[in-house]
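Quick note on the numbering used here: the sequence shown kicks off at 46 and runs consecutively.
Note that the Cβ used here is the ideal one computed from N, Cα and C, for glycine as well.
Note that the structure is a prediction, hence the values are computed from the model and not measured.
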Amino acid sequence: MDLARDGMLRGNYTNGKSLVLGQVTLAQFRNPEGLNRIGENLFEGSLESGDEAIAAPLTGSRGSIIQGSLEASNVDLAQEFVDLIQYQRAFQAGSRSVTTGDELLREVVNLKR
Numbered sequence: 046m047d048l049a050r051d052g053m054l055r056g057n058y059t060n061g062k063s064l065v066l067g068q069v070t071l072a073q074f075r076n077p078e079g080l081n082r083i084g085e086n087l088f089e090g091s092l093e094s095g096d097e098a099i100a101a102p103l104t105g106s107r108g109s110i111i112q113g114s115l116e117a118s119n120v121d122l123a124q125e126f127v128d129l130i131q132y133q134r135a136f137q138a139g140s141r142s143v144t145t146g147d148e149l150l151r152e153v154v155n156l157k158r
């Protein structure tokens, strides 16, 4: 099977022939910011986004489809590192308080003896 930039899905057979099996279409919204997020990378239309306009790739301002490629990460790496450092410091502070509490408990037990 091959998926072309224009969304055409073709089946390739062992006899050398190929047949168009269908076409992948893309939806476009007047206000993409108005889409409702319903998952990690899943959205649905809303009144704010407007109705979807569905058409083939490479028509209007729609993009193309690239077979076998992966989308680059949408994560802000710098912000993730800042968050990681903050979580690490919070963990260290928590573990220090547990260690301090343990030491105090040991002192109390030793005083009682």
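Asparagine 57, DSSP secondary structure in three states: strand
Minimum C-alpha distance to phenylalanine 74 - residue among Thr144, Asp96 and Gly56: Asp96
Span of the beta strand (DSSP E) around glycine 95: No beta strand (DSSP E) holds glycine 95; DSSP gives it neither H nor E.
Sufficient close CB pairs (3 or more, under 8 Å) joining the stretch 89–109 to the stretch 50–59: yes
Valine 127: first and last residue of the uninterrupted alpha helix (DSSP H) it sits in: 122–157
Simplified DSSP state of glycine 67, which is helix, strand or coil: strand
Local Cβ density within 10 Å of isoleucine 110, reported as buried at 16 or more and exposed below that: buried
DSSP bridge partner residues for leucine 103 (one or two, in chain order): Looking at the DSSP assignment, leucine 103 forms no beta bridge with any residue, so it has no partner.
6 Å CB neighbourhood of glutamate 125 in its chain, flanking five on each side removed: none
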